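The working numbering puts the sequence shown at residues 101 to 379. Glycine is no exception: its CB is placed at the ideal position from the N, C-alpha and C atoms. All of these numbers come straight from a predicted model, not from anything done at the bench. Step one of this worksheet: look at the structure below.
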Amino acid sequence: MKMKFECKVSIAACAMALFAAMSVAQTQQVRVFSHRGGRMEHDENTMEAFKASHKAGYTGYETDIRITKDGELIVTHDSKLERTTNGVGAGEEKTLAELRRLDTKKGNKMITLDELMDFLKDKPGLYVEFEMKTNPSDLYPDDKLPEYVDKLYKKVMAKKPKDAEFIFTSSDTRSLRCMQQRHPDADLLLITSDPVSKATVNLCKGLGIKRLGSKMGGTSREAVKLAHKEGLTVSLWPGQSIEDFMLGVYLGADYLCTDIPIRQKDWAEKNAPWINVKY
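Shown next, in the form of structure tokens:
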């Protein structure tokens, strides 16, 4: 009996969220972007993933940038290589040539930022979040950050289409401040594992950053409205299910990441065409 009751409550909650989302979606547009190229559907942060998302109709992406031992910028989320590749140790302690010899667990090659930018350079209407993965701090001491942010900024902006939104993001306030100081025109976003709240809004404002990337869990519509009132745009994560997508719409997010870009887009187009989504 308990299981049946919980099931009914869950269905009722979903129905209420759907109705509420319908009431707000007509007056807002939400930009959905492919997280690491769609990490739950494809080999994350590989060219295969970004091409698959683009083929599905996406022009919004998120990716992660680290620096190699010989100063090259590589596209990968983890510092340690073991989860995603057949390598061992920190990518920052390897040369680009050494990383090129590795394969991902799904048989692809790691790509450089240059290769990703070559793929993006002729695409119209782009929204791309370049996450500055400057952790752990022992691999990215303060005196190394200027080299990292300068290389990242120059490579990204050199091939930026005129109509693109290119955003430099991080949960490391050191790299955000460094980018802010050295390249004042850079568009920044603060990532936090906390929900949108008065505290995270104030933290973002205190840094002089107008974009907040917060965890969806614990975020309320009122908190998102507060962020908007304070002049911030709100990007919510994670996006691992259709329910996450619907919740993000209901909460009033400006941007939503998704780990299931193809499934999410197919579902929304078939089941919720009234939601004003830009991919």
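Nearest C-alpha to Lys169 among Leu326, Arg131, Lys365 and Ser179: Ser179. Within the same chain, and ignoring the five residues on either side of Glu172 in sequence, the residues whose Cβ sits closer than 7 Å to its Cβ are Leu196 and Thr212. For Leu252, there is no enclosing beta strand (DSSP E); the enclosing alpha helix (DSSP H) has its first and last residue at Leu245 to Ala258.
Taken in chain order, the complete beta strand (DSSP E) segments of 3 residues or longer contained in the region 287-338 are 287-291, 311-315 and 333-337. Counting along the chain, His154 sits inside the alpha helix (DSSP H) bounded by residues Met147 to Lys155. As far as DSSP is concerned, Met210 takes part in no beta bridge. In this structure, Tyr355 places its C-beta atom within 8 Å of the C-beta atom of Ser335. Gln128 and Trp374 have their alpha carbons spaced roughly 11 Å apart. The continuous alpha helix (DSSP H) containing Met346 extends over residues Ile342 to Leu351. Three or more beta-carbon pairs separated by less than 8 Å link the region 181-196 to the region 154-168, which places the two stretches in contact.
For the pair of segments examined, the region 317-333 was found to touch the region 346-355: the number of CB pairs separated by less than 8 Å reaches three.
Distance from Gly138 to Ile291 at the Cβ level is roughly 19 Å; contact not present, criterion being Cβ atoms closer than 8 Å. About 23 Å separates the beta carbon of Met210 from that of Ile267, a gap too long to meet the 8 Å contact definition. Closest option to Asp242, judged by alpha-carbon separation, among Gly207, Lys254 and Ser275: Ser275. Less than 8 Å separates the beta-carbon of Thr204 from that of Asp143. The count of Cβ pairs closer than 8 Å, one atom from the region 146-158 and one from the region 251-258, stays below three, leaving the stretches out of contact. Residue burial is scored here from C-beta neighbours: Gln364 has at least 16 other C-beta atoms within 10 angstroms and is therefore classed as buried. The residues Leu288 and Leu290, in chain order, have a CB closer than 6 Å to that of Ile309 in the same chain once the five nearest residues on each side in sequence are set aside. With a contact defined as Cβ atoms closer than 8 Å, Lys315 and Pro295 qualify at about 6 Å. A direct Cα-Cα distance of roughly 20 Å separates Lys233 from Leu202.
The bridge partners DSSP lists for Leu356 are Val132 and Leu336. Pairing Glu192 with Leu239 gives a Cβ-Cβ distance under 8 Å.
Met140 sits in coil when the DSSP states are folded into three classes, being neither helix nor strand.
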